[in-house]
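As numbered in the working numbering, residues 179 to 494 make up the sequence shown, in order.
Here's the structure, in structure tokens; my notes come after.
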Amino acid sequence: MLGLWAVLCLAATFYSLWLGYGGRAFAATLTAFAFFFLVMLLFAARGVSDSLSSRFSAGGGFLLGACAFLVYLIYALGTNTFAFTRAAIVAGLVLLPLALGASAERRPPGAWQDFLTLAGVWTAVKFLPSHWLWPYPTGRLAYVFTVLLCVNVALASFVLLRRANGIGYSIGWGKSWSLYILGSLIVFGCIAIPLGQGLHFIQFAPRWGAWISLPPVALGVLLFTAWPEEFLFRGLLQNMLSRASKNEIAGWWTASVLFGFSHITNGGFPNWRYVILASIAGFFYGWTWRKTGSIFASAIVHAAVDVTWHFLFRTL
Numbered sequence: 179m180l181g182l183w184a185v186l187c188l189a190a191t192f193y194s195l196w197l198g199y200g201g202r203a204f205a206a207t208l209t210a211f212a213f214f215f216l217v218m219l220l221f222a223a224r225g226v227s228d229s230l231s232s233r234f235s236a237g238g239g240f241l242l243g244a245c246a247f248l249v250y251l252i253y254a255l256g257t258n259t260f261a262f263t264r265a266a267i268v269a270g271l272v273l274l275p276l277a278l279g280a281s282a283e284r285r286p287p288g289a290w291q292d293f294l295t296l297a298g299v300w301t302a303v304k305f306l307p308s309h310w311l312w313p314y315p316t317g318r319l320a321y322v323f324t325v326l327l328c329v330n331v332a333l334a335s336f337v338l339l340r341r342a343n344g345i346g347y348s349i350g351w352g353k354s355w356s357l358y359i360l361g362s363l364i365v366f367g368c369i370a371i372p373l374g375q376g377l378h379f380i381q382f383a384p385r386w387g388a389w390i391s392l393p394p395v396a397l398g399v400l401l402f403t404a405w406p407e408e409f410l411f412r413g414l415l416q417n418m419l420s421r422a423s424k425n426e427i428a429g430w431w432t433a434s435v436l437f438g439f440s441h442i443t444n445g446g447f448p449n450w451r452y453v454i455l456a457s458i459a460g461f462f463y464g465w466t467w468r469k470t471g472s473i474f475a476s477a478i479v480h481a482a483v484d485v486t487w488h489f490l491f492r493t494l
């Protein structure tokens with residue numbers, strides 16, 4: 179995992195230098211990205227999250243939260259974009275979930291504090307003025323930085339502080355995973371493509387000239403869209419809903435519908451066509467997570483759907 183982190187960070191560095199970035203602002207931005215990205219990947223190494231959870235417990239969650247906030251300050255000061263209002267918002271984004279987690283420390287995962295934290299993290303990703311919080315370089319990395327920060331906060335809150343089990347936050351491969359992933363992707367495609375066309379939501383419009391960008395686009399979608407969303411909606415939300423209701427089917431279906439409704443503002447409010455298709459997609463992502471016990475497997479299906487949509491279809 180450390181090797182993967184190093185390769186991707188070096189590739190991003192050389193690409194940025196080729197684009198002409200450099201100086202103190204670039205160094206501060208790269209430092210922040212490298213830290214957040216390292217935490218996201220390191221926890222996904224097999225056995226690492228369980229080891230860190232048992233070794234550091236609650237104190238580790240607060241330590242990671244403090245480090246995340248410190249890294250934001252390095253970014254803000256290094257890029258000359260520091261403002262007390264920005265720092266206060268990031269401090270709240272880091273400290274409030276940890277405070278909620280600490281208030282429920284003796285309760286099993288699935289307490290009301292856990293669901294409030296999940297709602298807060300989702301709201302931060304969806305509605306925070308990310309371009310204002312991360313203005314350098316011209317807001318191009320704002321969404322990525324917001325997602326990475328929220329993933330770090332969720333890891334601190336749920337893995338270290340709350341010590342939630344069964345998340346499946348690991349990158350690996352298991353028996354019959356290929357069957358589950360391909361089966362989920364194919365069956366969903368057979369349903370979603372004709373339904374999406376029937377609802378006048380998508381239209382077949384392949385972008386053959388853009389296929390050269392497939393590898394970086396697919397990797398970006400997997401790491402910064404599919405993986406974080408599967409962590410939130412399957413590893414945490416579906417997991418805790420199933421535990422709280424003591425019914426896996428109820429947790430699975432409820433999380434799928436909530437996943438669908440989380441897209442209601444995409445492309446204009448209220449976008450009910452998006453809600454319907456996203457709910458069906460969440461059903462298959464949730465099924466894949468249940469069968470494999472890993473958000474990596476459901477994230478692959480999720481990323482494959484998004485990439486196929488991006489290159490083969492046009493949203494109406």
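We put the CB at the ideal spot given by N, CA and C, even for glycine.
Cα separation between residue i and residue j?
i	j	result
G225	C328	22 Å
T316	C368	40 Å
L251	S229	29 Å
G298	P394	30 Å
V268	L319	16 Å
R451	A422	30 Å
V435	V365	18 Å
R284	A477	31 Å
F409	N258	33 Å
M218	D484	21 Å
L255	T295	28 Å
L457	I442	Looking at the sequence provided, one finds Ser at residue 457 rather than Leu. Those two C-alpha atoms are separated by around 11 Å.
T191	A482	26 Å
F379	L494	5 Å
A388	S231	43 Å
R468	Y358	10 Å
A236	L306	27 Å
H309	T324	9 Å
A459	V453	10 Å
L401	K424	31 Å
A261	F247	14 Å
N449	F461	19 Å
L311	G270	13 Å
L220	L186	13 Å
R202	P372	51 Å
S440	A433	10 Å
If you drop the 5 nearest sequence neighbours on each side, which residues of the same chain put their C-beta closer than 7 Å to that of residue i?
i	result
G446	none
S194	F204
F382	L490, F491
Q291	L278, G279, S281, A282
F240	L276
Y253	A206, T207, A210
H480	A404, E407, E408, Y463
W355	T470, A475
L216	W183
V303	T324, V325, C328
A222	M179, Y347, S348, I349
F437	F411, A456, S457, G460
Kindly identify the DSSP beta-bridge partner or partners of residue i.
i	result
F491	F382
Assign residue i to one of two classes, buried (16 or more other C-beta atoms within 10 Å of its C-beta) or exposed (fewer than that).
i	result
Q416	buried
F336	buried
A189	exposed
P406	buried
V571	Nothing about residue 571 can be reported from this structure: the residues present for the chain run from 179 to 494 only.
W465	buried
G238	buried
S391	exposed
T263	exposed
L326	buried
N330	buried
A266	exposed
V399	buried
R385	exposed
G200	exposed
Between which residues of its own chain and residue i is the CB-CB distance below 6 Å, once the five residues before and five after are set aside?
i	result
S420	E426, G429
T301	none
A342	P287, F336
G346	G413, G471, S472, I473
A332	V299
A396	V485
C245	none
A289	A282
G344	N417
S227	F221, V337, Y347
Using a beta-carbon distance below 8 Å, is residue i in contact with chain C?
i	result
F402	The question asks about chain C, but that chain is absent: this structure has only one protein chain.
Go through its chain and collect everything with a Cβ distance to residue i's Cβ below 8 Å, but skip five positions before and after it.
i	result
P313	T257, T259, A320
Q375	Q381, F382
F234	L241, L338
L377	R451, I454, L455
At what residue ranges does the stretch 320 to 395 contain a whole run of the beta strand (DSSP E), taking only runs of 3 or more?
-> 380 to 382, all fully within the stretch 320 to 395.
Contiguous alpha helix (DSSP H) assignments of at least 4 residues, all confined to the stretch 233 to 321 = List check, alpha helix (DSSP H) in window: 262 to 281, 290 to 305, 308 to 311.
Mind pulling the alpha helix (DSSP H) runs of 4 or more residues that sit fully within the stretch 181 to 221?
-> Complete alpha helix (DSSP H) runs here, min 4: 201 to 220.
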